[in-house]
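K.L.:
Sharing a structure below in structure tokens format, with a few things to ask.
Right under this line is the structure:
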């Protein structure tokens with residue numbers, strides 16, 4: 483696929499290429515062999531010259547299938563605090579009359595929607611996601627195991643929420659236009675979009691955040707362009723979770739955005755430089771891990787969802803440096819990392835499997851403090867590292 487999914491503009495030049503990447507990071511595998519016998523994709527990131535959208539030109543949707551075996555849930559105290567703050571913000575910022583309907587496209591198992599409804603007893607909620615285990619109707623909440631379809635939305639729609647799903651769409655403009663049509667038949671209905679901030683990824687050198695499941699990557703300019711192309715006007719915007727996320731709220735309007743050529747050139751240059759540094763970063767990480775192994779430490783990657791899987795398969799595809807992955811999500815315990823076959827153990831197993839002073843590489847820096855606290859409670863004395871192998875200075879009590 484060489485055409486931009488927003489403008490249809492054909493782009494020939496790839497600024498970052500990975501020939502072999504895991505196609506689905508969050509599918510659970512029950513053996514190392516099964517984890518290594520997965521479909522692989524290719525990553526060729528290109529920049530649309532009109533919108534500034536970054537997209538994978540070799541994305542094959544047949545390799546990506548979302549069902550009940552897919553689990554991207556990342557339980558975390560920091561994440562829960564952020565989600566509660568976001569729910570409160572949405573209830574303050576958007577006009578949501580009593581008995582109106584809030585729809586979440588790509589709701590996962592419905593956790594955020596449940597949190598929102600708990601804080602707003604007068605609202606109804608409809609969640610759509612193919613990874614929902616089954617259709618469920620409980621009181622004011624209705625979950626449907628399917629992709630967003632505007633024809634399944636009953637009357638009274640007041641807000642459509644889409645968090646961390648737009649990146650995975652092959653045709654994000656078609657989705658936003660569906661929401662625009664819904665807003666036309668439900669006057670006042672607004673839209674809230676949250677995605678990973680691509681500029682933040684580049685600035686952090688976060689090669690582990692570029693993955694096959696994400697067909698598109700957004701900057702402030704390209705997300706604004708997309709919403710404007712569907713007839714939406716931005717009413718609020720910002721960043722969340724320590725700058726990792728980019729979000730925008732919008733309503734139907736007449737303003738159509740166009741990304742400036744300078745912004746497109748800038749993001750292209752940044753991506754080119756990022757690609758150049760990527761291999762150097764991975765080799766530097768391997769070097770630090772070899773030193774740790776030589777000193778007798780076990781190495782554990784904390785976080786076995788998208789970030790962790792992508793990190794492990796880029797840094798240690800042959801499973802010779804990293805001993806285990808771990809994750810707080812109990813569904814992942816006893817599973818194996820897609821692509822590499824590393825075992826995912828429960829945090830409570832760390833002491834018995836890796837000793838009381840392992841090196842723990844934390845995939846999301848926003849969770850560093852709570853992970854360290856959990857390690858202390860388990861009697862561990864770990865060396866805490868970020869994904870680039872920088873040791874983190876943490877309190878000893």
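Residue numbers (my numbering): 483 to 879.
Virtual Cβ for every residue (Gly too), placed ideally from N, Cα, C.
1. What is the DSSP secondary structure of residue 772, counted as helix, strand or coil?
2. Assuming residue 698 and residue 654 make a contact with CB atoms under 8 Å, what is their CB distance in whole Å?
3. In terms of alpha-carbon separation, which member of 703, 811, 817 lies closest to residue 892?
4. Taking C-alpha atoms, which residue in 721, 635, 820, 794 lies nearest to residue 567?
5. Residue 610 bridges to which residues according to DSSP?
6. Taking the beta carbon of residue 789 as the centre, do at least 16 other beta carbons fall within 10 Å, making it buried, or is it exposed?
7. Taking the DSSP output, what are the residues bridged to residue 466?
8. Which word fits residue 840, buried or exposed, when buried means at least 16 other C-beta atoms lie within 10 angstroms of its C-beta?
9. Could you say which of 873, 837, 850, 872 lies nearest to residue 862 if we only look at CA atoms?
10. Tell me which residues share the same chain as residue 798 and place their Cβ nearer than 6 Å to its Cβ, disregarding the 5 neighbours each side in the sequence.
11. Please classify residue 860: does DSSP put it in a helix, a strand, or coil?
12. Roughly how many angstroms separate the alpha carbons of residue 651 and residue 701, rounded to a whole number?
13. So, helix, strand or coil for residue 747, using DSSP?
14. Taking C-alpha atoms, which residue in 684, 578, 793, 629 lies nearest to residue 767?
15. Quick one, which of 549, 492, 515 has its alpha-carbon nearest residue 509's?
16. For residue 493 versus residue 707, is the C-beta spacing smaller than 8 Å?
17. Kindly identify the DSSP beta-bridge partner or partners of residue 866.
18. In angstroms, rounded to a whole number, what distance separates the CA positions of residue 535 and residue 848?
19. Please classify residue 619: is it buried, with 16 or more other beta-carbons within 10 angstroms of its beta-carbon, or exposed?
20. Which residues mark the beginning and the end of the beta strand (DSSP E) in which residue 682 is found?
21. Give me the Cα-Cα distance between residue 647 and residue 727, rounded to the nearest whole angstrom.
22. Cα separation between residue 667 and residue 636?
23. Which residue's Cα is closest to the Cα of residue 573: 561, 595, 724, 677?
24. Residue 553: which of 809, 829, 518, 741 sits nearest, CA to CA?
P.N.:
Considering the structure as presented:
1. Helix at residue 772.
2. For residue 698 against residue 654, the beta-carbon gap comes to about 6 Å, under 8 Å, which counts as contact.
3. Residue 892 cannot be examined here, being either before or after the span of the chain that is shown, 483 to 879.
4. Selected option, being the one with the closest Cα: 721.
5. Bridge pairing for residue 610: 587, 626 [DSSP].
6. Buried, because 16 or more other Cβ atoms sit within 10 Å of the Cβ of residue 789.
7. Residue 466 lies beyond the residue range present for the chain, which begins at 483 and ends at 879; the question has no answer from this structure.
8. Buried.
9. Nearest option by C-alpha distance: 837.
10. Scanning its chain for C-beta atoms nearer than 6 Å, with the 5 sequence neighbours on each side dropped, one finds around residue 798 the residues 804, in chain order.
11. Under the three-state reduction of DSSP, residue 860 is assigned to coil, being neither helix nor strand.
12. Taken atom to atom, the span from the alpha-carbon of residue 651 to that of residue 701 is near 16 Å.
13. Three-state DSSP puts residue 747 in a helix.
14. Cα-wise, what sits closest to residue 767 is 793.
15. The shortest Cα separation from residue 509 among 549, 492, 515 belongs to 549.
16. Contact: no.
17. Answer by DSSP bridge pairing, in chain order: 842.
18. Cα-Cα distance, rounded: 26 Å.
19. Under this definition residue 619 is an exposed residue.
20. Following the DSSP letters along the chain, one finds residue 682 in no beta strand (DSSP E) but inside the alpha helix (DSSP H) bounded by residues 680-686.
21. Cα atoms of residue 647 and residue 727: separation of roughly 12 Å, rounded to the nearest angstrom.
22. When rounded, the distance between both Cα atoms is 11 Å.
23. The shortest C-alpha separation from residue 573 is found at 595.
24. Per the Cα distances, 809.
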